[in-house]
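Below: the structure, in structure tokens.
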Amino acid sequence: MSVWPSPTVPRPLQQLFDRVPLLTYDANALPARSQSATSSRLPTLYVFSTDSDARLGAPSYNPGCLKWQTFLKLARVEFQIVPATNHASPTGALPFLLPARPSPSASPAPVSAARLHKYALEHGQHKPAEQTPTLRLDAYQALLDVPIRNAWLQALYLEPRHAALLGRLYVAPASSSLWVQATLRHQLRRAAEAEILKTSSSAGGGGASAATPILVDESAMYAGARDALDALADLLAESETGWFFGAPSPSLFDASVFAYTHLMRRLLDGGADGEGEDLKIPARLGALVRDAGTGELESHRSRLLEMLWPGESLSGR
Amino acid sequence: MAASLAPGGSNAASHSPRTSSIPDTPAPALSDHLLTPASISSVEVYGATNTRKSLLDHLFRPLVENPGPTTTLGELLNRINRASEKLVRLDIFKQEGYGVFISDARDRPSGAAGLHPERTELDVSFRVKEKSRLVLSAGTDFGNAEGSAYTNAVLRNVFGGAESLSVNASTGTRTRSAYNAVFSAPLNGNPDLRVGVEGLRSSTQKPWASHEEQLAGGSLRLAWLAGKMGDSHALAYSGVWRQLTGLAAGASPTVRADAGDSLKSSITHTFTRDRRDSPTLPQRGHLFRTVSELAGWGPLHGDVSFFKSEAEVAGASSLLSTARFHKSGTPITVGGSLRLGLLYPLAAGFSFGGPALPSRINDRFQLGGPTDVRGFKLGGLGPHDGSDAVGGDVFAAGSVNMMLPLPRTGPASPLRIQLFANGGRLVALRNEGRENENGGPDSNLALDSSAVLRGMKSAVGELASELPSLAAGVGLVYAHPVARFELNFSLPIIRREGEQVRKGLQDIHHE
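Sequence order for the protein chains is B and P.
Note that numbering that gives the first Met the number 0 has the first sequence beginning at 0, numbered continuously upward.
Note that numbering that gives the first Met the number 0 has the second sequence beginning at 0, numbered continuously upward.
Next up, the structure:
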């Protein structure tokens, strides 16, 4: 099909076009699924979450999503969260935010994670503390981006003992089909491996630096994460306000740290199944958080949780 | 009787002195002959070098079965004719060079001994030429809002049992890539009963709903012809992994909510009765088609669960001849069609009354487009979220048209002028019981069975509650034997807010 709306429609034809349609009814109502997707007048943050958590606005189980969810709450932006997958995102990754629609037929451009900081400052009722970019900030940010993130990826995606958890969080919600689940699980693992390998030359910290790039030294990776968490705890200990870099109120950096520490404590802590204090289990990143420094990270997490999600239980669920 | 029996020479291998050919209309002498008792003494097939004997056995066994004393020559000739037709329908032999030769076995120089003297004993020989086993083709297609390039390989008679393997790859502006392979084979040598296995993988742009759909899956299919007029049935199980991805920047919340993976596991039955004289320019006859699909229920599993059914009736009839005012005598034809569809969400598993999830965008019906409801854009009818056509669960669409001959053209001309009006209504199932009180997301999507029933009733009722969205126009039709082209000028008459119309020219290409 091709159409020729000639640049200049002859006048009588244009007059005819202007007269039709002769009758216009109200718009068709949207299907049941759309009713909940379009009912709210609030901006929507698309994150990894469950239906029930999303309804309560509970913390997302994905560190990248939780970081921005936390920051938007710190900035007191009013928003709702909706469970989604990467396919829903314009960039192929969550989170992203869909601004409120000025009219039911409008389609405002989505705000990707990279622009959420600016969005939060523009639309929030409170300005969170700002960190001026310094080498020091970069260095601590790098701790989160490399050793801590890699340990998270390794523990959740590649550690066999967390296979069930990975399935529950990222695989089962996509499809009930075993074939689809097996394929997705495989894709997730390959993606996590690739992410780790991208930074693995620096991942091991002082560990086995001679390791080939294909083989990832797990114990070195967890040791690197422990050192990084200790360094963050020390940094926090220097602060008089209880927030990073001595800021008067929590900043984006606090949100970034909280996103990992909270989820490590909540999801990767062994915890409830009575495995006790067996610290030899390397994937227990929650234990590393609790034991970092003299508990600064743990108390930092509790304070932020209490501040933003007062209803949430503090004990690792 | 014997259109497919070639009248002809006696160059079959069994050098018979009196090979008889069967004329199209039996002569009076022959019709007397047809009542005489007869049996078949031998059946020979020449030229089927790559075809398995077991396949031919299936076809020819009915010829020699039950050679009771009462079997007449006429009956035998009918059987030969039927076997011959089946042989042709296997689609492994060429038309040219095909022939059936029948000779009287009693005239055989050797071995006439032991034959029944009172009975006509026949030697039957079929001469065939096999079609080439591998056909490769490549080309380009334009039409239906898309241009594409394809390559196709067909391997015929793969194992000598009239099996075929067809492998396709195509890429285009809208279908980014599509690969499929179909293996099909007749059951028991019966060309009217075929089983097939298909594997497919594709990626298709759906700009009317701001996304791309990727499919990977397979199906198992049984197809058969039933009744004297060859009504066709197909029963298929298919399992398809669908992935809605690659969303456009302006994608609506509805499309974003449905983005991601789902597995559809379903059984589909298709019935087609096509009694039109031509599929591309019908002057007379009717078409009746239904498609019914059960997905996800009971042992089918999968992520979606529904019953979906669609029916189409179309007919054409010659109103009056133009002979009075037009030399050609080409008749004016009027035609009409009505299509109805319904998607009913079911509870997953074996439950009847359990909660059911409402339909997803890739399962709902779309309506509108040049080959569908003219005068509207692709997916132009029905509910729209922003600019996205999000589809509906119930639809009705109809059209009427009148085909007029062009001046100075004969009845054989493939060109016609058409006047048409068409319209439709596409309505979505809504959750009526639960309007959102708090303005927050009501993420508990599932509807209980009574809510589904209530919603369906109200959606069906809505079909007829107002006038349908409607467009009318005039155009030129060119009916090529394999495809039909139309160039139409149309104007919308009735629409709904959000529905996307097409004013003016629209050119289309039907298969």
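Built from N, CA and C at the ideal position, the CB exists for glycine as well.
Could you spell out the range, first to last residue, of the beta strand (DSSP E) harbouring residue i?
i, result
"isoleucine 492/P", "483-495"
"phenylalanine 125/P", "119-126"
"proline 185/P", "174-186"
"leucine 526/P", "Any question about residue 526/P goes unanswered here, given that chain P covers just 0 to 510."
"glutamine 242/P", "230-244"
At the 8 Å Cβ level, is residue i part of the contact set with chain B, yes or no?
i, result
"aspartate 441/P", "Summary for aspartate 441/P: the model assigns pLDDT 44, below 50, so the residue's position carries little reliability, and this model does not support an answer."
"arginine 415/P", "no"
"glycine 438/P", "The predicted model places glycine 438/P with a pLDDT of 40, which falls under 50 and marks its position as unreliable, so this point remains unresolved."
"serine 201/P", "no"
"threonine 253/P", "yes"
"leucine 405/P", "no"
"proline 354/P", "no"
"asparagine 435/P", "For asparagine 435/P, the predicted structure reports a pLDDT of 43, less than 50, and the residue's modelled location is therefore unreliable. A value from the coordinates is still provided. By this cut-off, asparagine 435/P is an interface position."
"glutamate 465/P", "yes"
"proline 542/P", "No answer is possible for residue 542/P: the residues shown for chain P start at 0 and end at 510."
"glutamate 510/P", "Because the pLDDT at glutamate 510/P is just 49, under 50, the model does not fix this residue reliably, and the value given afterwards should be weighed accordingly. No, its Cβ sits nowhere closer than 8 Å to a Cβ of chain B."
"serine 261/P", "yes"
"lysine 205/P", "no"
"arginine 495/P", "yes"
"lysine 307/P", "no"
Under a CB-based cut-off of 8 Å, is residue i close to chain P?
i, result
"proline 30/B", "yes"
"threonine 84/B", "yes"
"glutamate 274/B", "Because the pLDDT of glutamate 274/B is 48, which lies under 50, any placement of that residue in the model is unreliable, and the question is left without a value."
"proline 98/B", "no"
"aspartate 25/B", "yes"
"proline 101/B", "no"
"proline 109/B", "yes"
"alanine 105/B", "yes"
"proline 20/B", "yes"
For a quick check, are the C-beta atoms of residue i and residue j less than 8 Å apart?
i, j, result
"alanine 236/B", "glutamate 295/B", "yes"
"threonine 203/P", "glutamate 212/P", "yes"
"alanine 458/P", "phenylalanine 375/P", "no"
"phenylalanine 78/B", "leucine 134/B", "no"
"aspartate 257/P", "isoleucine 360/P", "yes"
"leucine 511/P", "leucine 425/P", "Coverage of chain P is limited to positions 0 through 510, which leaves residue 511/P absent and any answer about it impossible."
"proline 36/P", "proline 61/P", "no"
"threonine 23/B", "arginine 494/P", "yes"
"leucine 262/P", "valine 254/P", "no"
"serine 304/P", "leucine 356/P", "yes"
"leucine 475/P", "leucine 486/P", "yes"
"threonine 260/B", "arginine 225/B", "no"
"alanine 128/B", "proline 30/B", "no"
"aspartate 302/P", "serine 175/B", "yes"
"glutamate 162/P", "alanine 184/P", "yes"
At a Cβ threshold of 8 Å, is residue i touching chain D?
i, result
"phenylalanine 16/B", "Although the question refers to chain D, the structure presented lacks it and instead comprises the protein chains B and P."
List the endpoints of the continuous alpha helix (DSSP H) containing residue i.
i, result
"arginine 148/B", "148-152"
"tyrosine 24/B", "Counting along the chain, tyrosine 24/B falls outside any alpha helix (DSSP H), though it belongs to the beta strand (DSSP E) covering 22-24."
"tyrosine 169/B", "Element bounds for tyrosine 169/B: n/a, residue is neither H nor E."
"valine 63/P", "52-63"
"leucine 360/P", "The residue you asked about is not leucine; residue 360/P is isoleucine in the sequence shown. That residue, isoleucine 360/P, is in no alpha helix (DSSP H); it is neither H nor E in DSSP."
"phenylalanine 16/B", "10-18"
"alanine 224/B", "217-237"
"arginine 193/P", "First-last for arginine 193/P: 189-205, but that is the beta strand (DSSP E), not the alpha helix (DSSP H)."
"phenylalanine 100/P", "Taken as a continuous stretch (DSSP letters only), phenylalanine 100/P belongs to no alpha helix (DSSP H), being part of the beta strand (DSSP E) at 98-103."
"glycine 73/P", "72-88"
"alanine 470/P", "Here alanine 470/P belongs to no alpha helix (DSSP H); instead the beta strand (DSSP E) covers 468-478."
Say yes only if the C-beta of residue i is nearer than 7 Å to one or more non-hydrogen atoms of the ligand COA, and no if none qualify.
i, result
"asparagine 85/B", "As for the ligand COA, it is missing from this structure, which has no ligand bound."
Can you list, in chain order, the stretches of the alpha helix (DSSP H) that have 4 or more residues and sit fully within the region 27-99 of chain B? 31-37, 50-55 and 62-73
Short of 9 Å Cβ to Cβ, which residues in the region 280-302 of chain B face chain P? none
Mind checking the region 223-244 of chain P against chain B and listing, in chain order, the residues whose C-beta falls within less than 9 Å of any C-beta there? Gly238, Trp240, Gln242, Leu243 and Thr244
Could you name the residues of the region 357-370 of chain P whose beta carbon sits closer than 9 Å to any beta carbon of chain B, in the order they occur along the chain? Pro357, Ser358, Arg359, Ile360, Arg363, Gly368, Pro369 and Thr370
Output, in sequence order along the chain, the residues in the region 30-59 of chain B whose CB is closer than 8 Å to any CB in chain P. Pro30, Ala31, Arg32, Ser33, Gln34, Ser35, Ala36, Thr37, Ser38, Ser39, Arg40, Leu41, Thr43, Tyr45, Asp50, Ser51, Ala53 and Arg54
Under 8 Å, CB to CB, which of the residues in the region 162-173 of chain B have a partner in chain P? Ala173
Anything in the region 385-402 of chain P with a Cβ closer than 9 Å to a Cβ of chain B? List those residues in chain order, please. Gly385, Ser386, Asp387, Val389, Gly390, Gly391 and Asp392
4 or more residues per run - each alpha helix (DSSP H) lying fully within the region 100-148 of chain B: 115-122 and 134-142
Taking Cβ-Cβ distances below 9 Å as the criterion, which residues of the region 61-94 of chain B are in contact with chain P? Gln79, Ile80, Val81, Pro82, Ala83, Thr84, Asn85, His86, Ala87, Ser88, Pro89 and Gly91
Give me the subset of the region 243-269 of chain B whose CB atoms are less than 7 Å from a CB atom of chain P, sorted by chain position. none
Selection of the region 285-308 of chain P by Cβ proximity to chain B, strictly under 9 Å: His300, Gly301 and Asp302
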